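For reference, the structure is listed below as structure tokens.
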Amino acid sequence: MKKDLAMRSKHKTLPSKAPSQRMLRVGELIRHKIAEMLSRGEIHDDVLASHVITIPEVRLSPDLKLATVYVMPLGGNDVKPVIEALTRNKKYIRAEVAHTLNLRYAPDLRFREDETFEEATRIDRLLDSEKVRRDTGK
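For what it's worth, the working numbering labels the leading residue of the sequence shown as 13, then goes sequentially.
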């Protein structure tokens, strides 16, 4: 009985918030495949053909069934049409990713705007502000 209780307590721990090595590896493989498809022009869409698109990150759910693909067109303009074009072609992209990765389930792809550059710019502006300079003594 005591052994059974000890075994149960081990499984009650909350899952880690940090992504696992497998999540990171599969995310990087998906990122690489989609970037390769975009650079080679394998996705036949006028909007995608007229933009240079970067994919800085792909985040996966713990069960690897959902992949959030963060995208940003070069220059940061026309984000909405690019995301709409990628979403229109999601079925084809997902099939190509599944073929390349050889996973049991092909993850569902969701395309989102990458906002890390804007956040970094905002932080730089804050650090350059007069109030922060005065507080840090620079």
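Note that the Cβ used here is the ideal one computed from N, Cα and C, for glycine as well. For clarity, every value in this text was computed on a predicted model and none was experimentally measured.
Considering only residues of the same chain and omitting the five flanking positions on each side of residue i, which have a CB-CB separation below 8 Å?
i    : result
G39  : P31, E69, V70, R71, L72 and A79
A107 : A118
M19  : Only weak support exists for where M19 lies, its pLDDT of 42 falling under 50; the value from the coordinates is given anyway. Same-chain partners within the cutoff: there are none.
Quick check on residue i: does DSSP put it in helix, strand or coil?
i    : result
L76  : coil
E48  : helix
V94  : helix
Y117 : coil
E40  : helix
V64  : coil
E125 : strand
P108 : Sequence inspection shows Glu at residue 108; the Pro mentioned does not correspond to that position. Note: E108 maps to helix in three-state DSSP.
E142 : helix
E54  : coil
E131 : helix
Closest to residue i by C-alpha separation, out of the options, would be which residue?
i    : options                 : result
I67  : K143, D126 and I55      : D126
R100 : T112, D58 and K45       : D58
Y82  : D75, I46, I135 and V109 : I46
K29  : L60, H44, E54 and P74   : P74
Rounded to the nearest angstrom, what separates residue i and residue j at their Cα positions?
i    : j    : result
I42  : R145 : 42 Å
R52  : L115 : 23 Å
T25  : L76  : Unreliable placement is indicated for T25, whose pLDDT of 40 sits below 50; no coordinate value is reported for it.
T112 : S62  : 26 Å
L138 : A110 : 43 Å
T148 : E131 : 21 Å
Are residue i and residue j touching if we call contact CB-CB under 8 Å?
i    : j    : result
V64  : L86  : yes
L121 : K92  : no
F123 : I95  : yes
M49  : I105 : yes
Below 7 Å CB to CB, which residues in the same chain sit around residue i once its five sequence neighbours on both sides are set aside?
i    : result
I135 : none
Within its chain, find whatever has a CB closer than 6 Å to the CB of residue i; leave out the 5 residues flanking it on each side and keep chain order.
i   : result
L60 : A97
I55 : M49 and N101
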